[in-house]
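Undergrad: Heads up, the sequence shown is in my numbering, so the first residue is 1 and it goes up one at a time. Beta carbons: idealized from backbone N, C-alpha and C, even for Gly. This one's a predicted model, so the numbers in the text were calculated from it and none came from an experiment. Pasting in a structure now, in structure tokens, and then I'll have a few things to ask.
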Amino acid sequence: MVRSSSSFSQPVLAWVACSALGCGAMPAAANPAPRADMLEDIVITASRGKQRVFDSAATLSVITEQELDRAVVPSLAEMLRDVPGVQISDSGQPGMSRIRIRGEESRRTAILINSQEVTDHHEIGTPLSVHPAMVERIEVVRGSGAVLYGSRALSGVVNFLTRKGGTEPLQATVSGGYDSATEGYNGFTSLFGNVQGFEYRLAWAKSDYDDRSTPEGSMDNTSYDNESQYLFAGKSFGDHRLEYTYEDYQSSSHTYVEEEVKSTFPLTDFYIEVPKRDRDKHGLFYNWAIDNSWLQSLEANAYHQQSDRHFYTQVETVWYLRDTNSKSDLTTDGALLQLNFQPLGNHQLLAGIQYLDDETDQTRHVDTFSWTPTTPSGIEVIQDKASIETWAGYVLDQWQINDQLTMTAGLRQYFVDGDLKYTDRPGLSQRNLDDDNELIGTAGLVWDYSDDI
1 MVRSSSSFSQ PVLAWVACSA LGCGAMPAAA NPAPRADMLE DIVITASRGK QRVFDSAATL
61 SVITEQELDR AVVPSLAEML RDVPGVQISD SGQPGMSRIR IRGEESRRTA ILINSQEVTD
121 HHEIGTPLSV HPAMVERIEV VRGSGAVLYG SRALSGVVNF LTRKGGTEPL QATVSGGYDS
181 ATEGYNGFTS LFGNVQGFEY RLAWAKSDYD DRSTPEGSMD NTSYDNESQY LFAGKSFGDH
241 RLEYTYEDYQ SSSHTYVEEE VKSTFPLTDF YIEVPKRDRD KHGLFYNWAI DNSWLQSLEA
301 NAYHQQSDRH FYTQVETVWY LRDTNSKSDL TTDGALLQLN FQPLGNHQLL AGIQYLDDET
361 DQTRHVDTFS WTPTTPSGIE VIQDKASIET WAGYVLDQWQ INDQLTMTAG LRQYFVDGDL
421 KYTDRPGLSQ RNLDDDNELI GTAGLVWDYS DDI
């Protein structure tokens, strides 16, 4: 199913200014009518390759560039809120929304940017760390995508495809918005173009929102801000295409805690803040459109991502006051190689190898002041360093049995190796963690009852 964009009740006033060198679409308040050709849309997420929505065995939703341009929303979460089967939660952290699909936990949803996974390793899931103005298209797959995307895709996959180059040598877009409920603003500017086949885009965005106002008064600790930069460069060389992307996303937010939670025994006060949640990523993409009798294309991509996070909590109970500062660096290196075959006339086969290495380095400072003998006062510093290395191979076959029936079947074999490189926690020591490997599969059928439906 392909959705059309929905109206939003956010009290937002927005303006869009286009320079004479180029023009962005004016936002519209009304919903566009559903397109008659929406099932003819080409998607890439369901099968890691180009495919019509109508031909896919997966349950799909697509938010197009036109719908994104018309919507006036402060975050991507608002664009996804009305997608069937998708729920949005922020765990009290404004500006750090997370996606749940079909009732599953957020950590069971794979979040991709340009088909590359954004890893976070947080128990409440991966936040959306990309500015709406940077995104050209969103594809949502509901249902397990574990064969193609790994264990984090048990409930589904959300793929954010960022904007590329332009059609003229130099184009520009400038936009901004104001939110009266938070006295907040957002701004976006982009330079992009196409110079003799070389495509480029430079973009910058910033959002800053204060505590939210309600009829009952201001909601404390609901402010947040973020700033992002984006770079794209791409060029085709005959049958070969090479692209590079750079993303820098910096954010901070407070965390809203309900008053009844703060005063639930033994608590007397509770405060959470995320002063820093930044992401820095370099991505490289290569495609070779071979298109011979059996091997159609070769795709490869690699990326390096650095995530810096700082969490602060203050807990006051009837027995003690405790401040906890947790700082962590998560470094991710990933790579993928995929071949697309047509070994027999009615079969479309893809096979790939995927590599992912996550390494985290975390330091926690715990400062406790106690006025009772049950809890000692003092400062504790806890350091941990660990890594997870994953290798996976997958194959997916789409078999056109006849004019009306298509079968899809796939397998994925993965190998996971965990390593605790350092810790000063009592009772733990440097060691190899348990390894894991598993073979999983998928199968589906698409029945085209009639071309007229």
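Once the 5 residues before and after Phe198 are set aside, which same chain residues still bring their CB inside 6 Å of it?
TA: Cβ neighbours of Phe198 beyond the five flanking positions: Lys235.
Undergrad: State the Cα-Cα distance for the pair Val274 and Pro215, rounded to the nearest angstrom.
TA: Each residue's alpha carbon lies about 27 Å from the other.
Undergrad: Taking C-alpha atoms, which residue in Leu445, Thr317, Gly150 and Ser370 lies nearest to Tyr414?
TA: Taking only the C-alpha atoms, the option nearest Tyr414 is Gly150.
Undergrad: Compare the C-alpha of Asp419 against each of Asp358, Asn437 and Gly393 and name the closest.
TA: That would be Asp358, whose Cα lies nearest to the Cα of Asp419.
Undergrad: Just the C-alpha distance for Ala58 and Asp82, rounded to the nearest angstrom, thanks.
TA: Cα to Cα, the separation comes out at about 19 Å.
Undergrad: In angstroms with no decimal places, state the Cα-to-Cα distance between Tyr209 and Trp294.
TA: When rounded, the distance between both Cα atoms is 54 Å.
Undergrad: Which residues in the same chain as Ser129 place their Cβ atom closer than 6 Å to its Cβ, once the five residues preceding and following it in sequence are excluded?
TA: Within the same chain, Ser129 has close Cβ partners Tyr249 and Arg279.
Undergrad: Roughly how many angstroms lie between the CA atoms of Phe192 and Val135, to the nearest whole one?
TA: If I take the Cα positions, the gap works out to 14 Å.
Undergrad: Return the Cβ separation of His347 and Asp397 in integer angstroms, given the expectation that the two are a contact with Cβ distance under 8 Å.
TA: That pair is a contact at about 6 Å.
Undergrad: Give the DSSP-derived three-state secondary structure of Gln66 in the structure shown.
TA: Residue state, collapsed to three classes: helix.
Undergrad: Which class does Lys262 belong to by DSSP, given the choice of helix, strand or coil?
TA: Helix, per DSSP.
Undergrad: Below 8 Å CB to CB, which residues in the same chain sit around Ile401 once its five sequence neighbours on both sides are set aside?
TA: Around Ile401: Asn346 and Met407.
Undergrad: Comparing alpha-carbon positions, which option in Pro94, Gly427, Asp329 and Asp323 lies nearest Ser75?
TA: Measuring from the Cα of Ser75, the nearest candidate turns out to be Pro94.
Undergrad: So, under 8 Å CB-CB, Arg102 and Gly125 are touching, yes? Tell me the CB distance rounded to an integer number of Å.
TA: About 14 Å separates the two Cβ atoms, so there is no contact after all.
Undergrad: Can you list, in chain order, the stretches of the beta strand (DSSP E) that have 3 or more residues and sit fully within the stretch 48-114?
TA: 59-63, 86-89, 98-101 and 109-113, all fully within the stretch 48-114.
Undergrad: Check Ala36 in the structure and name its three-state DSSP category.
TA: Residue placement at Ala36 is poorly supported in this model, since its pLDDT is 46, which falls under 50; the coordinates are not used for a value here.
Undergrad: Contact criterion: CB-CB distance below 8 Å. Does His240 meet it with respect to chain C?
TA: Annotation note: the requested chain C is absent from the structure, which comprises a single protein chain.
Undergrad: Assuming Leu284 contacts Leu339 under a Cβ cut-off of 8 Å, what Cβ separation, rounded to an integer in Å, is found between them?
TA: That pair is no contact at about 18 Å.
Undergrad: Just to confirm the assignment: which complete alpha helix (DSSP H) runs, minimum length 4, are found wholly within the stretch 410-443?
TA: Listed in chain order, there is nothing to give.
Undergrad: If you run the structure through DSSP and keep just helix, strand and coil, what is Ser328?
TA: It is a strand residue.
Undergrad: Taking only three categories from DSSP, how would you classify Ser307?
TA: Correct three-state label for Ser307: strand.
Undergrad: Is DSSP giving Val147 helix, strand or coil here?
TA: Val147 falls in the helix class under three-state DSSP.
Undergrad: What's the C-alpha gap between Trp288 and Ser429?
TA: Computed Cα separation, rounded: 47 Å.
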